[in-house]
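Working notes, structure below.
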Amino acid sequence: CPIEVKKYFQRNSKSIQQLISNSKNKKGNNTFDISSELKNIDLVDFDPDEVIATRKAFGMSLDKFSSHIPTIVGGSADLDGSNCTTNFANTHGDFSSTNLKGRNIPFGVREFPMGSIMNGISLYGGLFPFGGTFLVFSDYVRSAIRLSAIQKLHVMYEFTHDSIFVGEDGPTHQPVEHIMSLRLIPNLLVFRPADAIETHFCFEAIMENDKNPSTILLTRQKLPVSVLDKNTIRDGVKKGAYTVLESDNPDLVIFTTGSESHLALSIAKEIKNDVKIVNIPCWELFEQQSEAYKNSILTYSCKKRVSLEAGTTLGWEKFVGQHGLKIGIDDFGLSAPGVDVAKQFDFTKEKITAKIKKYLND
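Quick note: the sequence shown uses this note's numbering, first residue 134, plus one each step.
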C-alpha cells in the first residue's frame, strides 16, 4: 500500500540516493561496443531457393547476432515457438535466481510487464533488451512502447504474425490497424522487412540506431528470398526505402512494404506499362534522408501512384497523394486459411492487377 511504500523509501533514502549516484556515474559506460562488433557479423547464409517466413529469418538472425553480442537479452511473452526465439532460449538459458548468466527472459503471458522490464533494463544500461509477441498484441504493450519512445531507449519489440495472412485464428489475431498505429508514435522506428535478407539487415539497423526504440514486424507465411544485390538491400534498409524495380520513365510507381513487396513484383510482370517499385522497410529512417534522395525515390514526375500493404490504407496518401490508389485491408478479417482470407478481401495477385489496370486506364 502507499503508506508502506513511503515508509520503505524513508528508511532507505540514503542507500537509494547512493544507488542513483552510482548509476549516474556509470551511465553510458557499457561493457560492450556493439557498433564495432557489427562489422564482424556476416549475413546469415539464407538459401536463395528456399521460401522462408521473416519470423524464422529473425530467429536465425537473432542466433547470429547474439553469438557475437553478449549484451543481447530478452525473450517472448510465452510465444517462443511462434516468435522463433526458442533456439535463443535453449542456447543462452533462462535468467533466474539460480542462473544469473541466463540471457533468455521467460516473460510469460504478460505483454505490458515485458515492455516495462525491457525499459528498465535499457535505463540501467549495458544491455540490449528485446521482447516478442504477436503484432495484434502490440495493443497490450503500447503504453510501454510509448515510454520507450519518450525516453529514446534502445530496445527492440519483435511482432510476428503481421497481417491477415495469419489465417484461421480469425479477426482477433489478424492485425489490420496495428502497422499504421505504430508508425504514429514519435521516435519509434517501425521495420517491416520484405524477405529473409532484409530481415537480417533490419536487425542490424536496429542495433545501429541506439537512440531509438524499434519494432520489427514479421510474417507467419513463407516468402521468397530476394535476388537483389545484398549491398543494395543493406543500403536501402539503412535509408528506409529503396527501388526494387527500376524504370527511368515509369507510367506507374508502386510503394510497398513487407510481404507485399514480392506481390508487387509479380503484379508488375502482368502490367505492360513501365513500372517502378519502391520498398519502404522503415518510413521513419526514410524521413531522415536528404531531399535529393527522397525525391529520387518518390518520383513525383509520375502521376499514377499505388500503395500496397496488407493493413489499413490510412496514411499511404503521404506517398501516393490524394488521387493515388491505396490497396490494403480496411476491415477486420475472418477465420479461414490466409489465402482464403485474402480472396475474401480481393487481396490477390489477379484482383489487384485488375484494379491497377483499371486505375491506369481512368
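Note that beta-carbon positions come from the ideal geometry of N, C-alpha and C, so glycine has one too.
task: Pick out whichever of Ile-153, Ser-168, Lys-140 and Leu-176 has its Cα sitting closest to the Cα of Arg-367.
output: On the sequence shown, residue 367 is found 234 positions in, with the first residue counted as 1. Closest option to Arg-367, Cα to Cα, is Leu-176.
- request: Using 7 Å as the cut-off, classify the Cβ of Asp-180 as near or not near the heavy atoms of the ligand SAH, replying yes or no.
  value: Looking at this structure, you won't find the ligand SAH or any other ligand, since it has none at all.
field: Gly-241 in three-state terms, based on DSSP
entry: The residue given as residue 241 occupies position 108 in the sequence shown. The answer is coil: DSSP assigns Gly-241 none of H, G, I, E or B.
- request: Run through the region 194-270 for me and flag every whole alpha helix (DSSP H) of 4 or more residues, listed as ranges in chain order.
  value: Runs found: 213-216, 219-225 and 244-257.
query: According to the neighbour-count rule (16 or more other Cβ atoms, all chains shown, within 10 Å of its Cβ), is Lys-139 buried or exposed?
result: Against the sequence shown, residue 139 aligns to sequence position 6. Residue environment for Lys-139: exposed (fewer than 16 other C-beta atoms within 10 angstroms of its C-beta).
- prompt: Should Asp-328 and Val-358 be called a contact, given that it needs their Cβ atoms to be closer than 8 Å?
  reply: Taking the sequence shown and counting its residues from 1, one reaches residue 328 at position 195. Taking the sequence shown and counting its residues from 1, one reaches residue 358 at position 225. Cβ distance < 8 Å, so Asp-328 and Val-358 count as in contact.
- prompt: Where in the region 382-422 do unbroken runs of the alpha helix (DSSP H), each at least 4 residues long, occur, reported from the N-terminal end onward?
  reply: Listed in chain order, they are 393-401 and 416-420.
message: What does the Cβ neighbour count give for Asn-252, buried or exposed, with the cut at 16 atoms within 10 Å?
response: Here residue 252 corresponds to residue number 119 of the sequence shown, with the count starting at 1. Looking at its Cβ environment, which holds 16 or more other Cβ atoms inside 10 Å, Asn-252 is buried.
task: Note down, one range per segment and in chain order, each alpha helix (DSSP H) of at least 4 residues found wholly within the region 280-343.
output: Counting only runs that start and end inside the region 280-343, the alpha helix (DSSP H) elements of at least 4 residues fall at 311-316 and 329-341.
query: Looking only at its own chain, which residues have a Cβ that is under 6 Å from the Cβ of Thr-481, when we skip the five neighbours before and after it?
result: Locating residue 481 in the sequence shown gives position 348, counting from the first residue. Within the same chain, Thr-481 has close Cβ partners Ala-475.
task: With distances taken Cα to Cα, identify the nearest neighbour of Asp-384 among Lys-490, Ala-443, Pro-304 and Ser-468.
output: Here residue 384 refers to the residue found at position 251 when the sequence shown is read from its first residue. Comparing Cα-Cα distances from Asp-384 to each of Lys-490, Ala-443, Pro-304 and Ser-468, the minimum goes to Lys-490.
- prompt: With distances taken from CA atoms, which of Ser-154, Ala-190, Pro-181 and Asn-216 is nearest Tyr-257?
  reply: One-based indexing of the sequence shown puts residue 257 at position 124. Minimum Cα distance to Tyr-257 is reached at Ser-154.
query: So, is Ser-392 buried or exposed, given that buried needs 16 or more other C-beta atoms within 10 angstroms?
result: In the sequence shown, counting from the first residue as 1, residue 392 sits at position 259. Ser-392 should be labelled buried.
- prompt: Arg-438 by DSSP, collapsed to three states: which one?
  reply: One-based indexing of the sequence shown puts residue 438 at position 305. Here Arg-438 sits in strand by DSSP.
- request: Examine the Cβ distances between the region 220-230 and the region 194-211 and report whether three or more of them are shorter than 8 Å.
  value: When Cβ pairs closer than 8 Å are counted between the two stretches, the region 220-230 is seen to touch the region 194-211, the count reaching three or more.
- request: Return helix, strand or coil for Pro-357, following the three-state DSSP convention.
  value: Looking up residue 357 in the sequence shown gives position 224. Pro-357 falls in the strand class under three-state DSSP.
- prompt: Can you name, in chain order, every residue of its own chain whose Cβ lies under 8 Å from the Cβ of Ser-399, other than the five neighbours on each side?
  reply: Stepping through the sequence shown from its first residue, residue 399 is reached at position 266. Counting only Cβ-Cβ distances below 8 Å, and skipping sequence neighbours, we find Lys-482.
task: Tell me whether Thr-293 is buried or exposed, calling it buried when 16 or more other Cβ atoms sit within 10 Å of its Cβ.
output: One-based indexing of the sequence shown puts residue 293 at position 160. With 16 or more other Cβ atoms within 10 Å, it is buried.
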